[in-house]
Amino acid sequence: MKQNRIVVRIEISTLSDADGKFNHQKMDRLAMVISNLNNSGKELILVSSGAIALGSDKLKLKKQPQSHTEMQAIAAIGQAELIRFYQHYFNQYNQIVAQVLLTSDILDNTIRVKNTQNTFNTLLEMNIIPIVNENDTVSTTDIELDDNYSLARSVATITNADMILIKMDQNSKFMIQPRGNLNAKLVMDETQLFDELEKTCMEINGSENSMVSFPLSIDDIIVNS
Amino acid sequence: MKVGTSSLSYTNGRLNFQRIGQLAHTLSAVRNKNIDVILVSSGAIGVGAGRLGMIEKPTDLAKKQALAAIGQAELIKIYQKFFEEYNQTVAQVLLTKDVITNPDRHNKAKNTLLKLLNMGVIPIINENDTISTDEIEYGDNDTLSADVATLICSDLLILLSDIDGLYSADPKKETSAEIIRTVEKITPELIRSASGAGTSFGTGGMATKLAAAKICVEANIDTIITSGNNPSIVFDILEGKEIGTHFVANNKVLQKN
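Line by line, the protein sequences give chains A and B. In case it helps, the numbering used here puts the first sequence at residues 1 to 225. In case it helps, the numbering used here puts the second sequence at residues 226 to 482.
Structure below.
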């Protein structure tokens, strides 16, 4: 199965230090890897959380906001920061990005799906990397409840793409789960994560030799498989 | 306050940073006076086209939506930069029409905006073009800004335009055209006579501005249409000077008569 369109879902924790502080170096690395993959001919879509974390950072809040309204307000501040940082780092690699904010009910409206599909296709044709997040400000569901998990699934469905999930387990180990070849790999730290991301995207078309077999849970069997 | 593409860019379509700087300065100063400020800003498609070095704006919808996704990211970055100069935090809020039609979403957006204002933040609003089912969902930010003004029960809507107010006739064609200082009733005739006169770069014209003014005055919100050439004109407006065309809120008209 040849698949050149990949949704990479990234949690903000992946771009942060253990104490929760945002780490610019990690975002830089991610931008480099993703830009490089794009240069290699893959089409990439990034689904990234982080609006609330960066909003809290910006306001120098000591603890995460509690109320729904407060979270939505902080997300509106933080999303502007998040996309600014992404632009900054992708710019270093001469890569243009676009911001796409969706609500989780995107799949319910067929006209909206069609439009969003067209937008994604046009952006990818123009060699631009869309950076997707939930439009928290108007979201009627719980904010970042599953850290964009279902949003990433919806984006993969809309764009008919393969999806890579990046998760962090309780031991702070990262897990890459490429869909399609039903393999996954556990990675120890961020450096390896980004290396693996690059490798996995490269290999997603065929060779499974280098992949460690890892059974996916029901939850991880994604729509297009 | 609503600014259109024509207020933010030169006639060649490229951004006028000086103008954006003035805008950030003015709104930050107003915010410092403890006045809640919301900015509704167009310009994403134009900025997106500029980012890609396109000379002409595309006409097909998918291209426009794609450019909006690129340009909105750029636009908010530029706003952040200029507002940062005045130590003013901004937030990005992208809305679609269902903010008005869907009661649940309506409440969420309202609460978020009120919370942001309460925190001293200036929300910068635009239509979420990427997912809008059609550009005509709002089409122009004039109506969006009127809906936002109504949503949060604001006291005043300022529409910055490429013309300094409503004229008795098209001032580009007729030398006898005079600016109308005060409008107490927006009649169908007024809307009809104003249609057609407008800018070639933005999507709105005088007609959509009048429609926006109508929404606001009926919700007892004063509306002013004036030129975006010098954003610091807002200081004069807040001092009560006679600027542009003032559409008087309905309750004030009633009180007067």
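For glycine and all other residues, C-beta sits at the position ideal for the given N, C-alpha and C. Being a predicted model, the structure only gives us computed values, none of them experimental.
task = Just mark residue 211 of chain A as buried or exposed, buried being the case when its beta carbon has 16 or more other beta carbons within 10 Å.
result = Confidence at residue 211 of chain A is low in this model, with a pLDDT of 31, below 50, so the placement of that residue should be treated as unreliable; the coordinate-derived value is given next. Label assigned to residue 211 of chain A: buried.
Per-residue burial, residue 235 of chain B [other beta carbons within 10 Å of its own, 16 or more giving buried] = exposed
request  = Would you list, in chain order, the members of the region 309-330 of chain B that have their beta-carbon closer than 7 angstroms to a beta-carbon of chain A?
outcome  = 314, 315, 316, 317, 318, 319, 320, 324, 329 and 330
key: Strand pairing of residue 447 of chain B, partner residues [DSSP]   = B/381
message = Closer than 8 angstroms is the cut-off here; do at least three beta carbon pairs connect the region 256-267 of chain B with the region 279-293 of chain B?
response = no
request  = Could you name the residues of the region 329-343 of chain B whose beta carbon sits closer than 7 angstroms to any beta carbon of chain A, in the order they occur along the chain?
outcome  = 329, 330, 333, 334, 336, 337, 340 and 341
task = Could you give the DSSP three-state label for residue 56 of chain A: helix, strand or coil?
result = helix
query = So with Cβ pairs under 8 angstroms, would you call residue 433 of chain B a contact of chain A?
reply = no
message = Can you find the residues in the same chain that come closer than 8 angstroms, C-beta to C-beta, to residue 78 of chain A, ignoring five residues on each side of it along the sequence?
response = 50, 51, 52, 53, 54, 55, 56, 57 and 58
query = Nearest-angstrom Cα distance between residue 129 of chain A and residue 410 of chain B?
reply = 49 angstroms
query = Going along chain B in order, which residues have a C-beta closer than 7 angstroms to the C-beta of residue 97 of chain A?
reply = 298
task = Would you mind reading off the limits of the alpha helix (DSSP H) that contains residue 413 of chain B?
result = 413-419
key: Within 7 angstroms of chain B by C-beta, residues of the region 149-161 of chain A in sequence order   = none
query = Hey, is residue 276 of chain B's beta-carbon within less than 8 angstroms of any beta-carbon in chain A?
reply = yes
key: Cα-Cα separation between residue 87 of chain A and residue 30 of chain A, rounded to whole angstroms   = 12 angstroms
query = Which residue's Cα is closest to the Cα of residue 73 of chain A: B/299, B/438, B/344 and B/298?
reply = B/344
query = For residue 379 of chain B, which option in B/400, B/442 and B/326 has the closest C-alpha, if you only look at C-alpha atoms?
reply = B/442
query = Going along chain B in order, which residues have a C-beta closer than 8 angstroms to the C-beta of residue 126 of chain A?
reply = 277 and 291
ask   = Assuming residue 377 of chain B contacts residue 319 of chain B under a Cβ cut-off of 8 angstroms, what Cβ separation, rounded to an integer in Å, is found between them?
value = That belief does not hold up - the Cβ atoms of residue 377 of chain B and residue 319 of chain B are roughly 16 angstroms apart, past 8 angstroms.
inquiry  = I want to verify the contact list: residues of chain A whose CB lies under 8 angstroms from the CB of residue 353 of chain B, in sequence order.
reply    = 101 and 135
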